[in-house]
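Worksheet for the structure shown next.
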Amino acid sequence: MTESNKPSVGSAPADTDPPKTQEAQESMVRAATRLREAQLRVTAQRMAVLTAIEELSGHPDVEAIRAEAQTVLGGLSLQATYNVLRVLTDVGLVRCTQLSGHPARYETERADNHHHFACRICGDITDTDCAIGAAPCLQPRLPESYQVDEAAVTFWGTCPGCAGAAEQPDGRDHQ
3 MTESNKPSVG SAPADTDPPK TQEAQESMVR AATRLREAQL RVTAQRMAVL TAIEELSGHP
63 DVEAIRAEAQ TVLGGLSLQA TYNVLRVLTD VGLVRCTQLS GHPARYETER ADNHHHFACR
123 ICGDITDTDC AIGAAPCLQP RLPESYQVDE AAVTFWGTCP GCAGAAEQPD GRDHQ
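Under our numbering, the first residue of the sequence shown is numbered 3, with each subsequent residue one higher.
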């Protein structure tokens, strides 16, 4: 067997990839397809950021997205992450939620017109169905010349995890 044909010690056969690698490749292919459908140039940074948002649960902030994208790219600057997020948001692939007092959070745009519940204690954001009917689901009292197409509603309160943690062992709430 020639040097170039020798299998390396501990390597998987050439026609099979480890499951994590296979999943990552499939995620990147899906991201590339979505970028093309949005008529965007496909770049490694855009694929990695879009894949990171899809793989992270909830509503990750830019730091979490960057850290996840770096597992694919090896390196990604914070500015590059913000630039990619802006482009993805501008074309409607990603939804940015900015709540007062919290960093911007991102999620894959699903075009389902949902709203959010934000916990005042931990800052967790949870999706909730539209309050009333179809988009924009709420009609403001504006002159007819205004065209409303979306209502961004955020419900504020305490999530079950924080509510449970606030309860003392004797059953009394502490503030």
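Note that beta-carbon positions come from the ideal geometry of N, C-alpha and C, so glycine has one too.
Given the structure is predicted, the values throughout are model-derived calculations rather than measurements.
*Out of Leu37, His104, Ile123, Leu101, state which residue places its alpha-carbon closest to the alpha-carbon of Ala167.*
Closest in C-alpha terms to Ala167, from the list Leu37, His104, Ile123, Leu101, comes Ile123.
_Just to confirm the assignment, what range does the alpha helix (DSSP H) spanning Ile55 have?_
46 to 57
_With H, G and I counted as helix, E and B as strand and the rest as coil, what does DSSP make of Arg107?_
strand
*asked:* Helix, strand or coil, according to DSSP, for Cys98 in the structure here?
replied: strand
*Whose CA, out of Gln149, Asp63, Leu78, Ala54, lies closest to the CA of Glu70?*
Ala54
*Within the same chain, show all residues whose beta-carbon is closer than 7 Å to that of Ala66, passing over the 5 residues directly before and after it, in chain order.*
Leu58
*Alpha carbon to alpha carbon, how far is Gly76 from Arg48?*
It is roughly 14 Å from the alpha-carbon of Gly76 to the alpha-carbon of Arg48.
*Just curious, the alpha helix (DSSP H) that Thr91 is in, first and last residue?*
First-last of the alpha helix (DSSP H) with Thr91: 80 to 92.
*Give the single residue among Asp126, Glu152, Arg143, Glu146 whose Cα lies nearest to the Cα of Gly163.*
Asp126
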